[in-house]
Amino acid sequence: MAGKAARLAASEGGAGTRIDQSAFIRVMPGDCPACRAVHDLAPPHECRFVRGVHCLCDGEDMTVELKNLVGAEWVTASGEHHEIINPADGTEVVARLAYSSAEDVRRAVDAAAQAFPAWRATPVVRRCRILFHIKELLEERMDELAGMIVAENGKTFVEAQGDVRRGVEVVEFAAGGPHLCKGEYIEDIAGRVDGYIYREPLGVVAGACPFNFPAMVPMWMFPMAVAMGNTFVLKPSEKCPRTAAAVAEIFLEGGLPEGVLNIVNGGRETFEALITAEEVRAVSFVGSTAAAENVWSLATSHHKRAQTLGGAKNYLIVMDDADRESTIKGIIGSSFGCAGERCMASSVLVTVGDAEEIIDEVIEAARALRLGNGMDADSDMGPLISAAHKKRAEDYIRIGIDEGAQLVLDGRGATVKGLEGGFWLGPTIFDRVRPDMKIARDEIFAPVLSIMRAQDLNEAINLANMSPYGNGASIFTGSGGAAREFRNRIECGMLGINAGVPAPMAFFGFGGHKISLIGDLRVQGTDAVEFYTQKKSVIERWFGMGKTGSTWGR
Numbered sequence: 044m045a046g047k048a049a050r051l052a053a054s055e056g057g058a059g060t061r062i063d064q065s066a067f068i069r070v071m072p073g074d075c076p077a078c079r080a081v082h083d084l085a086p087p088h089e090c091r092f093v094r095g096v097h098c099l100c101d102g103e104d105m106t107v108e109l110k111n112l113v114g115a116e117w118v119t120a121s122g123e124h125h126e127i128i129n130p131a132d133g134t135e136v137v138a139r140l141a142y143s144s145a146e147d148v149r150r151a152v153d154a155a156a157q158a159f160p161a162w163r164a165t166p167v168v169r170r171c172r173i174l175f176h177i178k179e180l181l182e183e184r185m186d187e188l189a190g191m192i193v194a195e196n197g198k199t200f201v202e203a204q205g206d207v208r209r210g211v212e213v214v215e216f217a218a219g220g221p222h223l224c225k226g227e228y229i230e231d232i233a234g235r236v237d238g239y240i241y242r243e244p245l246g247v248v249a250g251a252c253p254f255n256f257p258a259m260v261p262m263w264m265f266p267m268a269v270a271m272g273n274t275f276v277l278k279p280s281e282k283c284p285r286t287a288a289a290v291a292e293i294f295l296e297g298g299l300p301e302g303v304l305n306i307v308n309g310g311r312e313t314f315e316a317l318i319t320a321e322e323v324r325a326v327s328f329v330g331s332t333a334a335a336e337n338v339w340s341l342a343t344s345h346h347k348r349a350q351t352l353g354g355a356k357n358y359l360i361v362m363d364d365a366d367r368e369s370t371i372k373g374i375i376g377s378s379f380g381c382a383g384e385r386c387m388a389s390s391v392l393v394t395v396g397d398a399e400e401i402i403d404e405v406i407e408a409a410r411a412l413r414l415g416n417g418m419d420a421d422s423d424m425g426p427l428i429s430a431a432h433k434k435r436a437e438d439y440i441r442i443g444i445d446e447g448a449q450l451v452l453d454g455r456g457a458t459v460k461g462l463e464g465g466f467w468l469g470p471t472i473f474d475r476v477r478p479d480m481k482i483a484r485d486e487i488f489a490p491v492l493s494i495m496r497a498q499d500l501n502e503a504i505n506l507a508n509m510s511p512y513g514n515g516a517s518i519f520t521g522s523g524g525a526a527r528e529f530r531n532r533i534e535c536g537m538l539g540i541n542a543g544v545p546a547p548m549a550f551f552g553f554g555g556h557k558i559s560l561i562g563d564l565r566v567q568g569t570d571a572v573e574f575y576t577q578k579k580s581v582i583e584r585w586f587g588m589g590k591t592g593s594t595w596g597r
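Numbering (this note's numbering), first residue to last: 44 to 597.
This is the structure we're talking about:
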């Protein structure tokens, strides 16, 4: 038991981190909070549970065995087995799962199809009352879910809390479904003729998610879908699937009927089987642009709706009248938060005129960021998701050097004491980057910032608009005129004015322009209502007075 506890302490932040030694609870079978609903447990046992990161039961390491959710049952998939590794140490197995075969996918789709008629017939008010209760449960367990995110994704605990919070906000928005799905009615569009439009759900819909936001991105999708009366089959990221399983279990506990939400674990082949399933009417996807294009092509060739969000290369422009302190803080948070593994990260900084004077301060602020396990309160930045992703980022750094950019801060070789096997890459900054360089064009998805310099705002906007991506962009300035010109001319879907991460709230659509959005409709907001419903237009006419003697029929 002592060895296990020592490893737990290390996973919680290393030497010196205090862990609540009273966090031992007596649990009944199936009630272990770290393993709930994903594998069977033996008789009542003693469990120490620390923010969802680990579970020590009767002195044994109880690694979570993730299963598919089919109807109300958690069932083991039939494909190859894979391990989910804690990226902070590179060795701890957080969870194990089997990939789903086409037959596994078929069972989940069948469960969703069987549940659809009853769920569609459930009044929207009742559906949304269930969602509101689920929202309360999610808030109660926010720290538990955040701890799971830290363990499988690596981001800091505060970032993980934000991940959960933004997902809960979508559930909260979806709970307003009775208002969101209202139709339109016009009386007497012609003599004795009324006309109206109403919305109805599509049926079975599906979605697949990236690794970088294990709670938020899944909840971009299925809460809105089920609020509108659909049933859902989710394929979480194969790199971070544990959080999604825990969220699904909370939805079941909150009263969502069996079969309304289902989960299949797996990779590309699993999702392709889901897309091509006959009963699936629509597909949501968030990932790289190349993957989004493939999903769009496959879905539309099978006559499905597709909502596909791709990659990003976000520019952040700094004018010489910007507030210095808040600008530097905004740059650091945007470029290096979540280790740069987010589609809203600002990966290109463009200084205008004398604003270049802040570059040295940006470099020093980035250098001061502390890498560490996300459960350590002193950590500013966690690891990258995997060894392969770390190598990819380091390859881009070598490319930048070869292209002639000035490497002014090198994050390679970074390590954390006691966690030397983790997938660490410190903040990295290139100066004097040209727009034709590969590091300026490609999405690196890591804490790598490129700096360009412009003489005026016109040049800065033109540099940003050269990118084939159009996800997000920001400007820091004290000038309303500069902000307005930026807003009108920049070719991006989400804009920040004195805000480094311009991610819209749940009641607005989230999505970009150009190759950052494949298709027409975004996630969140009223776009989600449009995507997950179809409209029927009715022209209604009645003849004669009828038994009531009403004059309306004459």
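For each residue, glycine too, the CB sits at the ideal point set by N, CA and C.
**Study point:** Nearest neighbour of residue 394, chosen from 385, 365 and 298 [CA to CA]
**Key:** Closest by C-alpha distance to residue 394, out of 385, 365 and 298, is 365.
Point to revise | Residue interval of the alpha helix (DSSP H) (run including residue 186) | key: 185–196 is the span of the alpha helix (DSSP H), which, as asked, contains residue 186.
Exercise for review: Could you tell me if residue 97 is buried or exposed, where buried requires 16 or more neighbouring beta carbons within 10 angstroms of its beta carbon?
Suggested key: Caution applies to residue 97, whose pLDDT of 36 falls short of 50 and renders its modelled position unreliable; the value that the coordinates give is listed next. Answer is buried; the Cβ neighbour count reaches 16.
Practice item. My understanding is that residue 353 touches residue 559, with C-beta atoms under 8 angstroms, so please give their C-beta distance in whole angstroms. Key: Confirmed, Cβ separation roughly 5 angstroms.
Exercise for review: Taking residue 581 as the reference, give the member of 222, 443 and 231 with the closest Cα.
Suggested key: 231
**Study point:** Own chain partners of residue 316 with C-beta closer than 6 angstroms, once the 5 adjacent residues on each side are dropped
**Key:** Excluding positions up to five away in sequence, the list reads 145 and 148.
**Study point:** Beta bridge counterpart(s) of residue 133 as assigned by DSSP
**Key:** BP columns for residue 133 are empty, so no partner.
**Study point:** Bridge partners - residue 566, DSSP secondary structure assignment
**Key:** 553
Point to revise | Inter-residue Cα distance where the pair is residue 483 and residue 358 | key: 10 angstroms
Review point. Within 10 angstroms of its Cβ, does residue 501 collect 16 or more other Cβ (buried), or is it exposed?
Key: exposed
Review point. Shortest alpha-carbon distance to residue 119 belongs to which of 215, 565, 475 and 141?
Key: 141
Review point. Can you name, in chain order, every residue of its own chain whose Cβ lies under 7 angstroms from the Cβ of residue 314, other than the five neighbours on each side?
Key: 251 and 278
Check your understanding: Taking the C-alpha atoms as reference points, what is the distance between residue 154 and residue 305?
Key -> 8 angstroms
**Study point:** Member of 152, 257 and 215 whose CA lies at the smallest distance from the CA of residue 204
**Key:** 257
Exercise for review: Go ahead and pull the three-state DSSP assignment for residue 512.
Suggested key: strand
Review point. Which residues in the same chain have their Cβ closer than 6 angstroms to the Cβ of residue 225, if we skip the five residues on either side of it in sequence?
Key: Around residue 225: no qualifying Cβ.
Check your understanding: Should residue 505 be labelled buried (16 or more other beta-carbon atoms within 10 Å of its own) or exposed?
Key -> exposed
Check your understanding: residue 467: buried (16+ other C-beta within 10 angstroms of its C-beta) or exposed?
Key -> The residue in question, residue 467, is buried, as its Cβ has 16 or more Cβ neighbours within 10 Å.
Check your understanding: Between the Cα of residue 392 and the Cα atoms of 382, 380, 374 and 384, which residue gives the shortest distance?
Key -> 374
Check your understanding: Does DSSP put residue 586 in a helix, in a strand, or in coil?
Key -> coil
Practice item. Under 6 angstroms Cβ to Cβ from residue 474, same chain only, skipping five residues before and after it: list those, please. Key: 449, 451 and 494
Check your understanding: Can you list, in chain order, the residues of its chain whose CB lies under 8 angstroms from that of residue 584, leaving out five sequence neighbours each side?
Key -> 235, 236 and 237
Review point. Based on the DSSP secondary-structure assignment, which residues constitute the bridge partners of residue 237?
Key: 583
Review point. Skipping 5 residues on each side, what residues in its chain have a beta carbon closer than 6 angstroms to that of residue 519?
Key: For residue 519, where only same-chain residues beyond five positions count, the Cβ hits under 6 angstroms are 361, 365, 370 and 541.
Exercise for review: Quick one: grab the DSSP three-state call for residue 481.
Suggested key: helix
Exercise for review: Identify, in the order they occur along the chain, each residue of the same chain with its Cβ nearer than 7 angstroms to the Cβ of residue 298, setting aside the five sequence neighbours on each side.
Suggested key: 173 and 176
Point to revise | Through-space distance from residue 240 to residue 586, alpha-carbon basis | key: 21 angstroms
Check your understanding: Does DSSP put residue 376 in a helix, a strand or coil?
Key -> helix
Practice item. Throw me the rounded Cβ distance for the residue 567 and residue 555 pair, which I believe falls under 8 angstroms. Key: Your pair residue 567 and residue 555 does not check out as a contact, with CB atoms roughly 13 angstroms apart and the cut at 8 angstroms.
Point to revise | Environment of residue 121 [buried if 16+ CB atoms lie within 10 Å] | key: exposed
**Study point:** Which of helix, strand or coil DSSP assigns to residue 498
**Key:** coil
Point to revise | Environment of residue 335 [buried if 16+ CB atoms lie within 10 Å] | key: buried
Check your understanding: Closest by CA to residue 438, which one among 301, 491, 242 and 183?
Key -> 491
Review point. Okay, do the segment 413–420 and the segment 191–199 touch, 3+ Cβ pairs below 8 angstroms being the bar?
Key: yes
**Study point:** Terminal residues of the alpha helix (DSSP H) in which residue 523 lies
**Key:** For residue 523, the enclosing alpha helix (DSSP H) covers residues 523–532.
Point to revise | Cutoff 6 angstroms; reference residue 195; Cβ partners in own chain excluding five residues on either side | key: 127, 137, 283 and 285
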